[in-house]
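Taken in sequence, the protein lines are chains B and P.
Each number in this note's numbering comes from the position in the first sequence (counting from 1) with 879 added on.
Each number in this note's numbering comes from the position in the second sequence (counting from 1) with 44 added on.
Just below is one structure, and these are the notes that go with it.
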Amino acid sequence: MMRLGVSLLLSLLLIPAQAADSPQLRFKPLQGQLAFKQTKQLQGLPVALKSSGYIQLAAEQLLWHTTTPVDSKLQVSPAGVSQWQQQQYVAVSGSEFVGQLMLAILQQQHQFIRSHFALSDDDGCQLLQPLQAPLNTLFVQIRLCGDSTLQQIVLHETNGNSTTIDLLHEASLD
Amino acid sequence: MTKPARLAACGWLVLVLCLLAYLMLQLPQRQWSSSITALLPAAAEPWQQQLLSQVNSSRQLTLKLSGLPLPQLRDAATALLQHNISGLSWYQPGAMLTQLQQQYQQHQSLLLSAQASDLLQQGRYQPLVDAAWQRLYSPAPLLSNALSQDPLLLTQQFMEQQSAGSLTLQQHWFETRQGDAIVLYGETAADPFDRVPASALQQALQQQLATLGNQWPALQIARSGVLFHAVHAADNASFEMQFYGSMSLLAILLLLVLSFRSARPLLLASLVLLPAVIAGLAALLLAFEQPHVLALVFATTLIGIAIDYSFHGMLAANQGKAAFSAMLPSLALGLVTTLLGYLALLWLPFGLLQQVALFMLAGLLAAFISVWLLLPLLLAPQQLRNSQWLQQGCRRINQGYQGLPAKPIWLAGLGISAVMLALLLLQGRFTDDVRLFSQSPASLLQQEAEVRTLGAQQWDSRFLVILADSPQQALQQEQALQAQLAQWQQQGWFLQWQGLSQQLASQQLQALHQQLLQQAYQSAPVQAYLTQLQLAVPAVRSDYLTPANFSSPLLKQHFSIGRQTAAVVLLRDVSAADLLQQAVAQLPAVYLLDPIADTNSSLQHLRAQLLIWLALALLLSIVVLSWRRGIQAALASALLLTLAIGAALCFSLWRQQQLNVFNLVAAILVLALALDYAVFYTSTLRKTEVLQAVTLSAATSCMAFGMLSFSQTPAVASFGFTVFSGVALSALLAPLLTLLSHKESGSGGTL
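In structure tokens form, the structure reads like this:
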């Protein structure tokens, strides 16, 4: 009983200490298909750009299918982003980091995130601040929100643009 | 010994000491080249030579790390990059990409893809608007101020359409798309053919790679780059030079001990050999800023020839002044004919042969002067105890030769010569391949091939060149060629191409883009797009991106050639070089350069020249010999030379399956040596002494050249084997010349 008490006490002391040093990723990795709604705020554009569609997640790959207001497909893998153009996927040059980032966030890849970002908690959400180039030349920070499941991603770009992606887990998808 | 003779000898020694002092001053600060290309005959066109001297990818190196899971490979790569290796810088692909993006960001709407440009020119704006909407709704980041400067996002899309390549770009390296290997690109500060710094750099890198291997035993490392091959070639040449040189010296020592059983001949031979080597090296350093190590490998043969003079000199001086004076004209005649052989090489447009020839000319001349001035001074008559058994052996051999029937032998010789010449004419095939110059170890070639399969940055040795009057015109012409390049690529003539125009449009094209965009902004589809986004029409830009304010590794593909600019288009995996050559021939100011084929063609030309020189040298020898020895002896000597050279080439053909230019160089040397023997055997000198001297010198030459035939460098091995067989045969056949009467008996043996 005494041993159990000491263990509990140690656990209580250690858990906050660990959390204060380096917060852990707390979302479950996403799999399968889910809907999304995206709102993009671009510098110099008075109106926000809203779109929606669905995401299909596999082990090392995701399909980002925007269905409204335009039909557009992006295939994302650690090798980069490819866009569906004229009946084939065409690689988007220089998109390797973005591809890796999207996969890492949605699949909660601890190793990639911890090696490229400083993690902190903010008002129930997690903040990811890029540590090194080229991610820190693209993003100021990335905000991940949700309970145990990731529900919202906000990408704050260095040029002042921001993209909010709401993930709808319960949506019925075709 | 007379006073003038003593003074001359002292003067000669002083001169040799001066040359030695020059060598001691120069050798530590001189660089020895191991570059193969530096040796080769120059390409035909001067602008091509100038371009080839500037196109230099030899400083690049590639490492492929594999055999571990990707996270561990990344750790290994990070560990390697953390240790700074002096003189080696690693490419930072991520930083290069960021820099490129920043440049495009500052010049948005000036650079468009070819497809976008076509659509604008055709007035088909709707596809451009659709693509812009698609890009706007993508979650991927946009360039700063993209919408205000380039509302159709055409520069953004141009940037994203740049060839992604077969490798995934990371900040400090590339990764394969399968994630099973990491590829690191580096560049050396020093020329890989500059032996000392290149060797130090390679050792430092090797040490780092060994440390990685200890930390991750399963890590596999494949290397690619001229550095590794150049350092191996230089080390190999250096080793062979020292090894074969030492073995030749050892063989000579052994022969001296066996012949004379005294240390004195060794001292005397050294007094001939050392001035020869000193004079040869000094001439080489005086004439060539950066002599080649391979020249020294060939030049080790000087020891073999110079000792020939020592033997003749020592044996003659040992018999007394009269015998020495009688020997000297024959030695001089031998020297003159040998010098003529090497002079022939000196006039050929071939750096390596010129260096070898100069070394040998100076060395042989010094050897002759040493024999002439020093040996009578340092060797009193009968001071040497000539080996009795060797003398008796030579006497018996000589008697044996004398007993042979002259006529049938010479008839047989004629017959055999005819058969050999016919065989060479009918079966003799030549290979003119530059790869004979060096042979990298199989493991290094395998690693090179392994890295090449990864693709990126592994360009073919053939490339296209566009000649233009200015840098802007070069960009325009390259741009105009793009459609043709794409078509050739589609036809499978090559897998990929790379040129500056893929990253940078000419100023003229950028101005045209601005004009076309302004027209597009006034069109209905683009107006609707701009209205929906509430964007204003951007102003016309004239802050063009030019080679002067653009930074990219591809800028290194444009060169200044005099007043012209040469734009190089690199090609990968060329599979239809002939078709490409034909197609390029139809285009103005576009050329397909193939340095290896050009070099092989130069070698072929050189071979033809050597054959002519060989025939001329043979003819000249007959003329000189008929003047000194009479027509019969000259013709007999010519038959000996033909037999020796023909047989040496036949043996080489049998051994190598194909002959090469180095067999012909060797044939010229065989001619010089065999002529030397012929000179002595057709003289009035005592044949026993001649036989002894020729046998000893031929034995040492056979040792020196025969060992070269074991060289790892095919060129050196070919050379060594041909000389070995030619000299051995000459020494065996030359005593038959004594069966002939000669004119010199009446002229007293003077030159």
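Backbone N, C-alpha and C fix where the C-beta goes; we use that ideal spot for every residue, glycine too.
Quick caveat, the model's predicted, so the values are computed rather than measured.
Problem set entry | Inter-stretch contact at 8 Å, needing at least 3 Cβ pairs: the region 559-572 of chain P / the region 178-187 of chain P | The region 559-572 of chain P, when compared against the region 178-187 of chain P, does not touch it at the 8 Å Cβ threshold.
Problem set entry | Residues in the region 538-568 of chain P having any Cβ partner in chain B nearer than 8 Å | Cβ contacts with chain B come from no residue of the region 538-568 of chain P.
Exercise. What is the rounded straight-line gap between the Cα of SER755 (chain P) and the Cα of GLN147 (chain P)?
Worked result: C-alpha separation (whole angstroms): 53 Å.
Problem set entry | Cutoff 9 Å: VAL1033 (chain B) Cβ touching any chain P Cβ | No, VAL1033 (chain B) does not count as interfacial toward chain P.
For this session: Report the three-state DSSP secondary structure of HIS989 (chain B) (helix, strand or coil).
Result: In the three-state reduction of the DSSP assignment, HIS989 (chain B) falls in the helix class.
Problem set entry | Coarse secondary structure for GLY269 (chain P), derived from DSSP in three states | Correct three-state label for GLY269 (chain P): strand.
Exercise. Pick from P:LEU156, P:GLN75, P:GLY138 and P:HIS273: whose alpha carbon is nearest that of THR757 (chain P)?
Worked result: Answer by Cα proximity: P:HIS273.
For this session: Rank P:TRP454, P:ALA493 and P:LEU553 by C-alpha distance to the C-alpha of LEU783 (chain P) and give the top, closest one.
Result: Per the Cα distances, P:TRP454.
For this session: Could you name the residues of the region 1001-1015 of chain B whose beta carbon sits closer than 8 Å to any beta carbon of chain P, in the order they occur along the chain?
Result: So the list reads GLN1011, ALA1012 and PRO1013, given in the order they occur along the chain.
Exercise. When you compare only the Cα positions, how much space is there between ARG672 (chain P) and GLN98 (chain P)?
Worked result: If you take the alpha carbons of ARG672 (chain P) and GLN98 (chain P), they lie about 53 Å apart.
Exercise. Exposed or buried, CYS54 (chain P), counting other C-beta atoms within 10 Å across all chains shown (16 or more means buried)?
Worked result: Counting C-beta atoms within 10 angstroms of its own C-beta, CYS54 (chain P) has fewer than 16 neighbours from the protein chains shown and is therefore classed as exposed.
Problem set entry | Proximity of LEU936 (chain B) and LYS952 (chain B) at Cβ, strictly below 9 Å | No.
Exercise. So is ARG882 (chain B) in contact with chain P if we call contact Cβ pairs under 9 Å?
Worked result: Caution applies to ARG882 (chain B), whose pLDDT of 40 falls short of 50 and renders its modelled position unreliable; the model cannot decide the point.
For this session: Indicate whether at least one CB of chain P lies closer than 9 Å to the CB of GLY1025 (chain B).
Result: It does not; no Cβ of chain P falls within 9 Å.
For this session: Using three-state DSSP, classify LEU1057 (chain B) as helix, strand or coil.
Result: A query on residue 1057 (chain B) cannot be resolved here, the shown segment of chain B reaching from 880 to 1053 and no further.
Exercise. Using a C-beta cutoff of 9 Å, does LEU893 (chain B) count as contacting chain P?
Worked result: Confidence is the limiting factor: at LEU893 (chain B) the pLDDT is only 36, short of 50, which leaves the residue's position unreliable, though a coordinate-based value still follows. Closer than 9 Å: no.
Exercise. With 9 Å set as the bound, which would you pick, yes or no: does the beta-carbon of LEU904 (chain B) sit closer than that to a beta-carbon of chain P?
Worked result: Cβ-Cβ to chain P under 9 Å: no for LEU904 (chain B).
Exercise. Is it buried or exposed for LEU752 (chain P), if we count other Cβ within 10 angstroms and need 16 for buried?
Worked result: Its Cβ being crowded by 16 or more others within 10 Å, LEU752 (chain P) is buried.
Exercise. How many Å lie between PRO171 (chain P) and ARG905 (chain B) at the Cα?
Worked result: Approximately 43 Å, taken between the alpha carbons.
Problem set entry | 7 Å CB neighbourhood of PHE368 (chain P) in its chain, flanking five on each side removed | The beta carbon of PHE368 (chain P) lies closer than 7 Å to those of ALA360, ALA361 and PRO420 in the same chain, with the five residues before and after it left out.
Exercise. Residue range of the beta strand (DSSP E) that VAL227 (chain P) falls in?
Worked result: 225-232 is the span of the beta strand (DSSP E), which, as asked, contains VAL227 (chain P).
Problem set entry | Burial state of ARG440 (chain P) (16 or more Cβ within 10 Å) | Counting every other CB atom within 10 Å of its CB across the protein chains shown gives ARG440 (chain P) a total below 16, marking it as exposed.
Exercise. Touching or not, the region 371-390 of chain P and the region 311-318 of chain P, by the rule of three or more beta carbon pairs under 8 Å?
Worked result: No: fewer than three Cβ pairs fall under 8 Å.
Exercise. Do the CB positions of THR232 (chain P) and GLY131 (chain P) come within less than 9 Å of each other?
Worked result: Yes, the pair counts as a contact, with Cβ atoms nearer than the cut-off.
Exercise. Between GLN436 (chain P) and HIS356 (chain P), what straight-line distance do the alpha-carbon atoms span, to the nearest angstrom?
Worked result: For GLN436 (chain P) and HIS356 (chain P), the distance between alpha carbons rounds to 18 Å.
For this session: Use the C-beta contact count for LYS47 (chain P): other C-beta atoms within 10 angstroms, 16 or more gives buried, fewer gives exposed.
Result: Under this definition LYS47 (chain P) is an exposed residue.
Problem set entry | Identified DSSP bridge partners for HIS1035 (chain B) | According to DSSP, which records beta bridges pairwise, HIS1035 (chain B) is partnered with B:GLN1020 and B:SER1041.
For this session: Using DSSP bridges, identify the partner residues of ILE510 (chain P).
Result: Answer by DSSP bridge pairing, in chain order: P:ALA611 and P:VAL634.
For this session: For the region 159-183 of chain P, enumerate the residues whose C-beta is nearer than 9 Å to any C-beta of chain B, in chain order.
Result: Taking 9 Å as the cut-off between beta carbons, the residues of the region 159-183 of chain P near chain B are ASP174, ALA175, TRP177, GLN178, ARG179, LEU180, TYR181, SER182 and PRO183, in sequence order.
Exercise. Are the region 118-133 of chain P and the region 240-249 of chain P touching by the rule of at least three beta carbon pairs closer than 8 Å?
Worked result: Counting Cβ pairs under 8 Å, three or more are found: they touch.
Exercise. Is any beta-carbon of chain P found at less than 9 Å from that of PRO948 (chain B)?
Worked result: Chain P contact via Cβ: present.
Exercise. Any heavy atom of the ligand GDP within a distance shorter than 8 Å of the CB on LEU703 (chain P)?
Worked result: Looking for the ligand GDP in the displayed structure turns up nothing, as the structure carries no ligands at all.
Exercise. What residues in its chain sit with their C-beta under 7 Å from that of ASP477 (chain P), if we drop five residues either side in the sequence?
Worked result: Spatial neighbours of ASP477 (chain P) in its own chain (CB-CB distance under 7 Å, excluding positions within 5 residues in sequence) are listed in chain order as ASN644.
Exercise. In chain B, which residues lie with their C-beta within 8 Å of the C-beta of SER577 (chain P)?
Worked result: Reading the sequence as shown, one finds Leu at residue 577 (chain P) and not Ser. Result: LEU924 and VAL926.
Exercise. Smallest Cα separation from SER741 (chain P): which of P:LEU729, P:THR726 and P:ASP720?
Worked result: Of the candidates P:LEU729, P:THR726 and P:ASP720, the one whose C-alpha sits nearest the C-alpha of SER741 (chain P) is P:ASP720.
Exercise. So, ALA350 (chain P) versus LEU402 (chain P), is the Cβ gap smaller than 9 Å?
Worked result: No, Cβ-Cβ distance for ALA350 (chain P) and LEU402 (chain P) is not below 9 Å.
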